[in-house]
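Chains as they are written, first to last, in my numbering: chain A, 1 to 189; chain B, 1001 to 1189.
Reading through the structure tokens given below for one structure.
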DNA sequence: CAGTTTGTTGATTGACGAGTCAATAAACTT
DNA sequence: AAGTTTATTGACTCGTCAATCAACAAACTG
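Here is the structure:
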């Protein structure tokens, strides 16, 4: 059965399975066997393509952040003017996709991983840097643009955390509204 | 050697050791033996006093939140007027103690735990509820007091996260300043 | 076709860890 | 003194899991 060119397919399947399993467990306490099984292969094969479990986690982290980045970019592509662009970023940040079990588990656990795994911290730094530069670009006209953008970045993370850990279903629209209220106040509108 | 009345001393020692070990590991991936050793006893004794590892984690979580609560209450006790009280809460939230390894590890991992352990989620809810009611009390005079308080609560968590995961030493004063800028804007000052 | 690369897995290794238990001992009780 | 409760641990059970390896198969190469 061995068809050639399996590598990228297998790797992608493993990355997806890793994200799903982290979401199911709510933690990084997932076994390579679980991941491999969900991806439809043996654990030995998983070790063959990724050297170690940590490599799988990092690849999964990269993928989650890539998805989020794509969502933001897509939203920005059709937004005209600084105001619309800010709203686009907020909507993308609090979209339903980011509140799925897998995404939530991924983000929370990547924060934990970033404490001790340098590669994870770097990845997180890249994501935060991009977000910050996007926000700053929208606020370049304003005198305190930098400070406002940095505060907004933190507010986004904080609101996400609250929505995710509260009881009941998360409400992305409410988070967007709170963030907009912050913006309106700081822009003197 | 068996002196009587060891229970509370042993339990407290285990709670402290649990927090330290979580901080060292950066995750909940700590063994009961590690914790027991740091607390100066056998792992069997740890199991004797707490039924399970999860019980130890929950006790540790309770303790961390109690400490934070005490810090806030202490700061509020000597603060006069809504403005000073708000600043007191912010300073307590971003005090050096909250940026120690153990505290950081505890908070990040408790967020993860709250995803799946109902008792952990309840504890977190209690803490957030108290913080919210404290903030609201300070903003009762203002028309949008509730919304401002809720936004500020999220901003505190988000700023904490950023300070904790950024490279370089965390800067509590900067976080306080950013939060104050948010407040000033929303209070129309 | 002979040889190499790529895909694939079952079985195994080697290690670790949560929780239990029996046993020992000091301290209180009656 | 006999009995009970509390403190304490070493040894053990039973399980798990990351990582390795040998071996087999299909596909490419020359």
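Ideal placement from N, C-alpha and C gives every residue a C-beta, glycine not left out.
Environment of residue i [buried if 16+ CB atoms lie within 10 Å]
i: residue 85/A; result: buried
i: residue 126/A; result: exposed
i: residue 7/A; result: exposed
i: residue 1/A; result: Residue placement at residue 1/A cannot be trusted, given a pLDDT of 49 that sits under 50; what the coordinates show is reported in the next sentence. By the 10 Å Cβ count, residue 1/A comes out exposed.
i: residue 962/B; result: Nothing about residue 962/B can be read from this structure; chain B reaches only from 1001 to 1189.
i: residue 78/A; result: exposed
i: residue 66/A; result: exposed
i: residue 18/A; result: buried
i: residue 4/A; result: exposed
i: residue 1143/B; result: exposed
i: residue 1080/B; result: exposed
i: residue 129/A; result: exposed
i: residue 151/A; result: buried
Boundaries of the alpha helix (DSSP H) in which residue i is found, first to last residue
i: residue 23/A; result: 6-25
i: residue 48/A; result: 43-49
i: residue 1078/B; result: It is not in any alpha helix (DSSP H) - residue 1078/B carries neither H nor E in the DSSP assignment.
i: residue 1157/B; result: 1145-1165
i: residue 1037/B; result: 1032-1038
i: residue 110/A; result: 101-116
i: residue 1174/B; result: 1172-1186
Within 9 Å, strictly: CB atoms of residue i and residue j
i: residue 26/A; j: residue 105/A; result: yes
i: residue 1060/B; j: residue 1040/B; result: no
i: residue 57/A; j: residue 11/A; result: no
i: residue 1035/B; j: residue 1043/B; result: yes
i: residue 195/A; j: residue 1069/B; result: What the structure shows of chain A is the stretch from 1 to 189, and residue 195/A is not part of that stretch, so it cannot be assessed.
i: residue 15/A; j: residue 63/A; result: yes
i: residue 1110/B; j: residue 1124/B; result: yes
i: residue 1156/B; j: residue 1187/B; result: no
i: residue 23/A; j: residue 102/A; result: yes
i: residue 1161/B; j: residue 1089/B; result: no
i: residue 38/A; j: residue 54/A; result: no
i: residue 94/A; j: residue 185/A; result: no
i: residue 167/A; j: residue 1087/B; result: no
i: residue 140/A; j: residue 82/A; result: yes
Integer Cβ distance of residue i from residue j, believed to fall under 8 Å
i: residue 154/A; j: residue 1178/B; result: 7 Å
i: residue 1115/B; j: residue 108/A; result: 7 Å
i: residue 1071/B; j: residue 1092/B; result: 5 Å
i: residue 1164/B; j: residue 1099/B; result: 7 Å
i: residue 1112/B; j: residue 112/A; result: 6 Å
Listed in chain order, which residues of the region 1051-1071 of chain B have Cβ atoms closer than 7 Å to some Cβ of chain A? none
Short-range partners of chain B found in the region 128-157 of chain A, where Cβ spacing is below 9 Å: 128, 144, 147, 148, 150, 151, 153, 154, 155, 156 and 157
For the region 1079-1111 of chain B, enumerate the residues whose C-beta is nearer than 8 Å to any C-beta of chain A, in chain order. 1104, 1105, 1108, 1109 and 1111
Using a Cβ-Cβ cutoff of 8 Å, what residues of the region 9-28 of chain A are near chain B? List them in chain order. 25, 26, 27 and 28
Closer than 9 Å, Cβ to Cβ, to anything on chain A: give me those residues from the region 1029-1040 of chain B, in chain order. 1029
Residues of the region 115-127 of chain A whose Cβ lies closer than 8 Å to any Cβ of chain B, in chain order: 115, 116, 121, 124 and 125
Going along the chain, which residues of the region 170-181 of chain A sit with their C-beta nearer than 7 Å to a C-beta in chain B? 178 and 181
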